[in-house]
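**Student:** Residue numbering for the sequence shown follows the working numbering, starting at 252 and increasing by one per position.
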Amino acid sequence: MSKRWWWLGAAIIVLLVGVGLRHDAGLYSVPVAQVTSVQNGQAQKEVDSYNNTDYQTKQTITARLLNTEQKGATVHFTNEYTQSGALDSPLKQGNQVFLTKSGSGYQFRDNKRDVVLGVLMVITLLLICLLAAKHALVIIASITANTVLFFSAIHLDLHWNGNHAWGIFTTLVVIFTIVTVLFVIGWRPVGLVIAAATLLATVGAVGLGYAVMTWTNYSGIHLQQVRYVTQSPALLFYVEIIVGSLGAVLDETSDISVAIFQLNGGASQRFKAGMDIGRSVMGPLISVLFMIFIADTFAESVLWLRNGNSIAQTIDWVMGLGFAQSLISAFGIVLAVPITSGLAALAARAQRGGVAHD
């Protein structure tokens with residue numbers, strides 16, 4: 252198949268998915284409506300106890316029901332949004348929304364975003380197929396399996412009210428690692444090395460981070476943020492580090508292990524080669540992981556700055572956790588280099604029956 256036909260087919264698939272999801276209201280059990288008219292009220296100034304200023308606007312919405320027994324009926328409801336847009340957003344004509352039945356009327360529940368999510372997912376899958384070629388199916392299967400495992404862990408955590416969160420998510424990390432290695436590498440000695448090195452580096456990083464945090468008594472680290480208020484703050488802090496850094500550590504251990512198993516020479520030569528490879532990929536991985544953690548707090552940081560808070564206060568209260576998580580994750584990336592190099596060098600020599608001597 253020529254590239255022109257491939258791109259044409261991909262565009263048609265994306266278009267069909269977008270159109271299909273735009274007209275899938277009948278598949279939902281909750282009321283879905285499409286906004287036909289919006290009237291904005293006067294923005295009202297609001298000032299909180301910390302002298303933060305925001306403006307709230309009330310919208311009067313007219314919409315047409317797209318499902319339920321009242322399909323086609325015109326309904327009216329209101330929506331309130333703030334200028335900062337921290338937890339809300341304005342509605343526009345053409346938006347599709349979820350509603351909640353309230354007596355004889357309806358209340359706004361949430362935006363319907365399945366079109367955006369579905370199209371992005373399809374584009375991602377198509378790019379995987381384009382770039383990974385014959386390995387695409389394995390990659391997609393691995394992603395699917397890990398997604399199912401992740402949501403299963405979330406379900407268990409909610410079912411047990413967070414009482415066993417540490418056990419659930421540490422077990423999840425082990426299963427994540429094993430499943431990914433089995434799909435991508437297979438049941439081979441190099442796969443065992445990758446899994447072992449990944450888990451050892453991750454455990455070492457979290458242990459080192461915990462020791463430092465305990466020694467400094469979490470000075471400057473505000474775990475009492477709202478995002479951690481429902482469960483044990485410290486527990487969720489470390490769980491997020493483990494899950495968030497696992498991918499980068501696994502990627503690094505894979506690169507080093509596969510390269511070492513392909514080299515000739517003794518264990519010391521392979522170890523030195525692994526260290527050289529690790530040094531070359533360590534910096535970019537830490538930078539990428541740092542940007543991911545900081546991006547997670549970017550929107551909240553902008554909100555704090557727009558509300559008149561100083562840069563120092565914003566970094567301390569909002570971005571501080573991101574910095575700490577990045578540093579602890581960097582421990583794992585750094586530790587993975589000697590751990591992987593050593594394990595891979597020994598395993599590669601053992602696989603070849605010790606023929607090559609130092």
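All C-beta atoms in this analysis are idealised placements derived from N, C-alpha and C, irrespective of residue type, glycine included.
Values in this document were obtained by computation on a predicted structure and should not be read as measured data.
1. Quick one: is serine 300 buried, meaning 16 or more other Cβ sit within 10 Å of its Cβ, or exposed?
2. State the DSSP-derived secondary structure class of asparagine 362, mapped to helix, strand or coil.
3. In whole angstroms, give me the CA-to-CA distance for glycine 573 and asparagine 303.
4. May I have the straight-line CA-CA distance separating aspartate 506 from leucine 540, to the nearest angstrom?
5. Just confirm the distance between the C-beta atoms of threonine 591 and leucine 501, as a whole number of angstroms; I'd bet it's less than 8 Å.
6. On the CB-based measure, 16 or more other CB atoms within 10 Å of its CB, does glutamine 576 come out buried or exposed?
7. Tell me where the beta strand (DSSP E) around asparagine 397 begins and ends.
8. Just reading off the beta strand (DSSP E) that leucine 338 is part of, what are its end residues?
9. What does a CB cutoff of less than 7 Å around leucine 316 pick up in its chain, not counting 5 residues either side in sequence?
10. Express the C-alpha separation of glutamine 358 and threonine 313 in angstroms, rounding to a whole number.
11. Can you tell me where the beta strand (DSSP E) with alanine 284 in it begins and where it stops?
12. Which of helix, strand or coil does DSSP assign to arginine 273?
13. Distance, Cα to Cα, threonine 287 vs tyrosine 279?
14. Given that a residue counts as buried once 16 or more other Cβ atoms are within 10 Å of its Cβ, and exposed if not, what is leucine 388?
15. Skipping 5 residues on each side, what residues in its chain have a beta carbon closer than 8 Å to that of proline 589?
16. For the segment 441-454 against the segment 593-601, do three or more pairs of beta-carbon atoms, one drawn from each stretch, fall closer than 8 Å, so that the two count as touching?
17. Assign arginine 364 to one of two classes, buried (16 or more other C-beta atoms within 10 Å of its C-beta) or exposed (fewer than that).
18. Give me, in chain order, the residues of the same chain whose beta-carbon lies closer than 8 Å to that of glutamate 491; leave out the 5 immediate sequence neighbours on both sides.
19. Glutamine 347 bridges to which residues according to DSSP?
20. Beta-carbon within less than 8 Å of glycine 571's beta-carbon, same chain only, minus the 5 sequence neighbours each way: which residues are those?
21. Helix or strand or just coil, what does DSSP make of tyrosine 306?
22. Grouping DSSP H, G and I as helix and E and B as strand, with all else coil, what is alanine 314?
23. Taking the straight line between their C-alpha atoms, what separation do you get for glutamine 602 and valine 399?
24. So threonine 311 packs on threonine 329, CB below 8 Å; how close in whole Å?
25. Can you look up tyrosine 623 in the DSSP assignment and give me helix, strand or coil?
26. Under DSSP, the alpha helix (DSSP H) around glutamine 564 begins and ends at which residues?
27. Which whole-angstrom value describes the C-beta separation of isoleucine 426 and leucine 407, a residue pair presumed to lie in contact below a C-beta threshold of 8 Å?
28. Flag this pair as yes or no: are the beta carbons of glycine 495 and phenylalanine 544 separated by less than 8 Å?
29. For arginine 255, count the other beta carbons within 10 Å of its own beta carbon; 16 or more makes it buried, fewer makes it exposed. Which is it?
30. In angstroms, rounded to a whole number, what distance separates the CA positions of isoleucine 379 and phenylalanine 402?
31. Anyone know if the C-beta pair for valine 370 and glycine 269 falls short of 8 Å?
32. Going along the chain, which residues of its own chain have a beta-carbon closer than 6 Å to the beta-carbon of glycine 276, five neighbours each way excluded?
33. Check the C-beta distance from serine 393 over to threonine 431 and give it rounded, since I have them as a contact under 8 Å.
34. Quick check: what's the CA-CA separation for glycine 455 versus serine 538?
35. In angstroms, rounded to a whole number, what distance separates the CA positions of serine 531 and serine 580?
36. I'd like to know whether the C-beta atoms of serine 340 and arginine 557 end up nearer to each other than 8 Å.
**Tutor:** The answer reads as follows:
1. exposed
2. strand
3. 24 Å
4. 17 Å
5. Contact flag wrong, Cβ pair sits at about 10 Å.
6. buried
7. Segment 387-410 is the alpha helix (DSSP H) holding asparagine 397; no beta strand (DSSP E) there.
8. Taken as a continuous stretch (DSSP letters only), leucine 338 belongs to no beta strand (DSSP E), as it is neither H nor E.
9. So the qualifying residues of the chain are Pro282, Ala284, Lys322, Gly323, Ala324 and Val326.
10. 12 Å
11. 283-291 is the span of the beta strand (DSSP E), which, as asked, contains alanine 284.
12. Here arginine 273 sits in helix by DSSP.
13. 20 Å
14. exposed
15. The residues are Met526 and Gly529.
16. yes
17. exposed
18. Excluding positions up to five away in sequence, the list reads Gln576.
19. Gln285
20. Gly471, Ile472 and His473
21. strand
22. strand
23. 35 Å
24. Going by Cβ atoms, the distance from threonine 311 to threonine 329 rounds to 6 Å, so yes, they are a contact pair.
25. Missing from the structure shown is residue 623; the chain here goes from 252 to 609 and no further.
26. Looking at the DSSP string, the run of the alpha helix (DSSP H) that includes glutamine 564 is 562-565.
27. About 12 Å separates the two Cβ atoms, so there is no contact after all.
28. yes
29. exposed
30. 22 Å
31. yes
32. Per the sequence presented here, residue 276 reads as alanine, with glycine not at that position. The residues are Val283, Leu317 and Asn318.
33. 6 Å
34. 20 Å
35. If I take the Cα positions, the gap works out to 17 Å.
36. no
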